[in-house]
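Numbering (the UniProt record's numbering), first residue to last: 1 to 487. All C-beta atoms in this analysis are idealised placements derived from N, C-alpha and C, irrespective of residue type, glycine included. All of these numbers come straight from a predicted model, not from anything done at the bench. Since the structure comes first, as structure tokens, the remarks are kept for the end.
Dropping the structure here:
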């Protein structure tokens with residue numbers, strides 16, 4: 001079971017033990033906690049005072065009762081085991097064909113306690129949470145899903161020294177949506193009050209000393225470390241339980257990305273006069289046909305194999321050589337997690353001009369040798385992605401977690417105002433074939449080859465096509481994301 005003190009859904013914080021603790025103390029509830037010492041530093045060391053002053057996620061100036069919401073406590077979360085399934089097929093004789101192992105979707109069941117200063121604020125908090133769980137109604141995300149983030153454990157020794165990581169303990173679940181709920185439930189151990197199964201929480205004691213007169217009102221669940229409430233200035237509140245289920249289309253728990261190649265300019269690479277990926281594709285195919293093989297029986301050879309159906313080459317894959325900038329980067333195996341699969345996470349900034357024919361190839365580098373000092377064979381690449389076109393003034397993300405590639409472009413509209421638009425990016429696989437998102441099955445070092453055209457075709461003021469150099473400020477970075485079957 002993961003740490004129950006923090007969670008984000010669709011980029012919105014829905015659970016924060018530190019925030020709830022601070023608001024309860026200010027309201028005179030005297031929450032009795034053994035808080036995670038590392039949570040606040042992991043969140044950037046925020047200082048919590050009031051929902052209005054902090055602009056808490058649920059705060060809305062049009063609803064004054066939102067100021068009287070104390071927060072949420074994690075009671076239980078289940079559904080973080082492995083999701084592997086296999087469907088064996090019985091053989092005609094003994095045994096069976098076991099079939100491939102696949103990862104089914106993940107269902108996560110969550111129980112929270114909702115705390116507020118009065119019943120009106122409690123009802124508002126329930127409505128707010130229900131709205132957040134539906135997803136952003138301003139975007140069309142019914143099928144693509146959102147992101148659910150939490151910590152695998154209390155991030156108390158998270159020193160944050162890994163480049164590009166928010167936290168080594170953060171886990172991301174991708175393509176997430178509400179499956180069922182939220183449904184209101186009663187909290188065990190409290191006094192009945194309000195309506196709909198609310199539990200009354202009244203701080204004991206009258207001396208105004210924080211923490212005196214402890215009254216344990218929520219005892220039915222194992223919260224993240226906050227088990228009860230003590231008296232402080234005679235504060236009072238109401239609470240209820242709520243449970244809901246979410247489904248993750250991508251079942252893996254992804255760690256934060258580790259930046260294995262820091263930002264680098266494309267033009268800092270070496271110039272290649274004639275880079276020809278199409279000829280490389282043909283050479284690799286010929287090498288596969290004519291490469292070393294076991295000797296056949298000359299007297300009774302095996303029947304010839306059925307010819308393979310030709311694989312069509314994408315029409316956007318370059319069919320002729322072009323001048324290119326080529327960069328080789330070395331990724332040490334010491335910087336890659338060993339006990340988990342991994343996926344790539346690539347960022348590109350195009351600058352003032354588009355980019356054409358951009359290629360990323362990954363090669364295994366078990367010994368961590370300097371890749372610039374050793375010849376790399378294109379036929380031995382373990383993963384490849386080719387991007388025929390990237391727009392100007394764009395920030396591109398190629399995300400192996402969500403298996404999406406998109407660009408955010410800053411352009412001028414007809415009124416000469418700068419606007420930001422988002423569009424999908426087309427990806428092509430090895431040798432111009434259909435693209436399959438790469439997965440690195442074991443943690444090893446890599447050689448990464450990055451190639452892009454030296455020049456790009458653009459339209460001049462008269463509308464004619466001209467060739468211009470790419471922006472020398474165009475740059476890229478490469479990240480590695482470990483993923484786990486369970487957390």
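Asked: Any idea what DSSP makes of residue 311, helix, strand or coil?; Found: coil
Asked: Can you name, in chain order, every residue of its own chain whose Cβ lies under 8 Å from the Cβ of residue 2, other than the five neighbours on each side?; Found: 77, 80, 150, 151, 152, 153, 171 and 487
Asked: From this set, 114, 320, 167 and 454, which residue's C-alpha is nearest residue 156's C-alpha?; Found: 167
Asked: Is residue 287 near the ligand NAP - that is, is its Cβ less than 6 Å away from at least one heavy atom of it?; Found: The model on display carries no ligand, and the ligand NAP is accordingly not part of it.
Asked: In angstroms with no decimal places, state the Cα-to-Cα distance between residue 148 and residue 57.; Found: 16 Å
Asked: Could you round the C-beta distance between residue 391 and residue 409 to whole angstroms and report it? I think they count as a contact, below 8 Å.; Found: 5 Å
Asked: Taking DSSP as the reference, what is the three-state secondary structure of residue 455?; Found: strand
Asked: What does residue 76 pair with, by DSSP beta-bridge criteria?; Found: 111
Asked: Let me check understanding here. Comparing Cα to Cα, which of 184, 260 and 62 lies closest to residue 445?; Found: 260
Asked: Quick one: what's got a C-beta closer than 6 Å to residue 443's C-beta in the same chain, skipping five residues either side?; Found: 336, 337 and 338
Asked: Within its chain, find whatever has a CB closer than 6 Å to the CB of residue 19; leave out the 5 residues flanking it on each side and keep chain order.; Found: 48 and 71
Asked: I'd like the list of long-range same chain contacts for residue 242, defined as Cβ closer than 6 Å, with 5 residues on each side in sequence excluded.; Found: 112, 114, 182 and 184
Asked: Can you have a look at residue 434 and say buried or exposed, based on whether 16 or more other CB atoms are within 10 angstroms of its CB?; Found: exposed
Asked: Candidates 127, 323, 364 and 118: which alpha carbon is nearest residue 378's?; Found: 364
Asked: Mapping the DSSP letters down to three states, classify residue 271 as helix, strand or coil.; Found: strand
Asked: Nearest to residue 437 by CA position, among 83, 361, 123 and 246, is which residue?; Found: 361
Asked: Less than 6 Å between C-beta atoms, sequence neighbours within five positions excluded: which residues of the same chain meet that for residue 266?; Found: 325, 452 and 474
Asked: Expressed to the nearest angstrom, what Euclidean distance is found between the alpha-carbon atoms of residue 385 and residue 439?; Found: 12 Å
Asked: Based on the DSSP secondary-structure assignment, which residues constitute the bridge partners of residue 377?; Found: Residue 377 pairs with nothing; no bridge assigned.
Asked: Please work out which residues of its chain come closer than 6 Å, Cβ to Cβ, to residue 22, disregarding the five sequence neighbours upstream and downstream, and give them in chain order.; Found: 48
Asked: Here's the rule: buried if 16 or more other CB atoms are within 10 angstroms of the residue's CB, otherwise exposed. What is residue 94?; Found: exposed
Asked: Count the other CB atoms, across all protein chains shown, that sit within 10 Å of the CB of residue 203; report buried if there are 16 or more and exposed otherwise.; Found: Caution is warranted here: a pLDDT of 36 is assigned to residue 203, below 50, making its placement in the model unreliable, and the coordinate value is therefore given only provisionally. By the 10 Å Cβ count, residue 203 comes out buried.
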